[in-house]
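Top to bottom, those sequences are chains A and B. Here this note's numbering is used: the first residue of the first sequence is 20, the next is one more, and so on. Here this note's numbering is used: the first residue of the second sequence is 319, the next is one more, and so on. The beta carbon of each residue, even a glycine, is placed where N, CA and C say it ideally should be. Okay, structure first, notes after.
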Amino acid sequence: MDEDELARLAARGLLAGAVASELAAPLERVARMLEAAVDGLDRHVAASRGPEPTGGF
Amino acid sequence: MDEDELARLAARGLLAGAVASELAAPLERVARMLEAAVDGLDRHVAASRGPEPLPYHAVGALRERVADAFLDIGRVARLAADLASVVAAPLDRAPEVVDLNELVERALSLARHRFGADGDVLLDLGTIPPMELDPARVVQVLAHLLLDAAATAGTVTVTTAALPDGARVTVAGPAAPSTRFADLVAGGLEAEGARITYSDEGGRTLAELTLVRRK
Chain A
20 MDEDELARLA
30 ARGLLAGAVA
40 SELAAPLERV
50 ARMLEAAVDG
60 LDRHVAASRG
70 PEPTGGF
Chain B
319 MDEDELARLA
329 ARGLLAGAVA
339 SELAAPLERV
349 ARMLEAAVDG
359 LDRHVAASRG
369 PEPLPYHAVG
379 ALRERVADAF
389 LDIGRVARLA
399 ADLASVVAAP
409 LDRAPEVVDL
419 NELVERALSL
429 ARHRFGADGD
439 VLLDLGTIPP
449 MELDPARVVQ
459 VLAHLLLDAA
469 ATAGTVTVTT
479 AALPDGARVT
489 VAGPAAPSTR
499 FADLVAGGLE
509 AEGARITYSD
519 EGGRTLAELT
529 LVRRK
């Protein structure tokens with residue numbers, strides 16, 4: 020591996036460090052929001068009257 | 319920036335590149351699933367006669383879509399967190415007391431995408447007292463060893479064992495390790511007595527990372 024390739028990989032590593040730290044927290048927030056949505060829908064299904072005509076989604 | 323720092327950053331870049339490509343496809347799937355869910359809700363609202371509960375079947379189908387999105391994004395979130403713990407850590411991070419087996423599992427999380435349908439990984443984790451280590455660097459070394467070991471089809475076995483003065487992690491697989499990046503990252507650990515050795519045993523390649531307990 021030549022010096023130029025090493026330097027480019029190093030730059031990628033530097034960038035990945037910055038991007039990765041930005042990814043983790045927002046993704047965790049999205050996961051929590053979806054978890055709450057699924058929980059709400061589960062409770063709605065459990066309390067619903069049963070099969071009704073539907074056009075589906 | 320000196321040569322050692324440049325080389326360590328380059329190793330981070332290689333690892334981040336491999337993992338980042340695994341992030342893209344699931345994130346795209348999540349986006350499409352959520353798009354379909356929103357489209358379905360839009361059509362329901364447009365066709366709705368007024369304020370009435372969502373039909374049973376429609377809510378069930380919507381629930382499946384949202385649940386799939388949740389499972390996918392949960393996996394991506396864990397992967398992103400593991401990636402960040404390695405590539406976003408300071409290069410000269412102060413050692414901290416860690417569970418070596420937990421570091422092995424984080425490294426496996428980063429390398430698991432390399433184990434395709436024809437590959438498998440077996441963990442045999444021994445009881446190891448907490449050790450004082452640079453967790454980011456150890457995870458990165460192990461991730462590179464696992465990525466090398468998973469380069470060809472077959473079973474890779476990861477074993478951890480306590481030693482009188484430290485611990486050893488052994489990665490055994492069918493592929494000969496390229497060694498370059500694991501050695502490169504491990505270089506900074508050598509001053510603390512850590513080392514990687516390679517050997518062949520019954521047609522399999524063994525890479526052993528030995529870590530010495532701090533006095």
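| Check | Outcome |
| --- | --- |
| Check whether the Cβ atoms of Leu421/B and Leu460/B sit closer than 8 Å, and answer yes or no. | yes |
| Whole angstroms are fine: how far does the CA of His362/B sit from the CA of Arg62/A? | 20 Å |
| Under a three-way DSSP split, which group does Ala480/B fall into? | strand |
| Where does Ala525/B sit, in a helix, a strand or coil, going by DSSP? | strand |
| Would you mind sorting Gly32/A into buried or exposed? The rule is 16 or more other CB atoms within 10 Å of its CB. | buried |
| Considering only the alpha carbon of each residue, which of Ala490/B, Asp483/B, Val457/B lies closest to Ala500/B? | Val457/B |
| Can you tell me whether Ala406/B is buried or exposed? The criterion is at least 16 other CB atoms within 10 Å of its CB, across all chains shown. | buried |
| How is Asp518/B classed by DSSP in three states: helix, strand or coil? | strand |
| Once you ignore the five residues that flank Ala493/B on each side, which residues in its own chain have a CB closer than 8 Å to its CB? | Asp466, Ala467, Ala468, Ala469, Thr470, Gly472, Thr523 |
| Using only the alpha-carbon positions, how far apart do Asp322/B and Leu60/A sit? | 53 Å |
| Identify, in the order they occur along the chain, each residue of the same chain with its Cβ nearer than 8 Å to the Cβ of Ala43/A, setting aside the five sequence neighbours on each side. | none |
| Pull out every residue of the segment 322-346 of chain B whose Cβ sits closer than 9 Å to any Cβ of chain A, in chain order. | Glu323, Leu324, Ala325, Arg326, Leu327, Ala328, Ala329, Arg330, Gly331, Leu332, Leu333, Ala334, Gly335, Val337, Ala338, Leu341, Leu345 |
| Under 7 Å Cβ to Cβ from Met351/B, same chain only, skipping five residues before and after it: list those, please. | Arg383, Asp386, Ala387 |
| Please list, in chain order, the chain A residues whose beta carbon lies closer than 7 Å to that of Leu401/B. | Ala39 |
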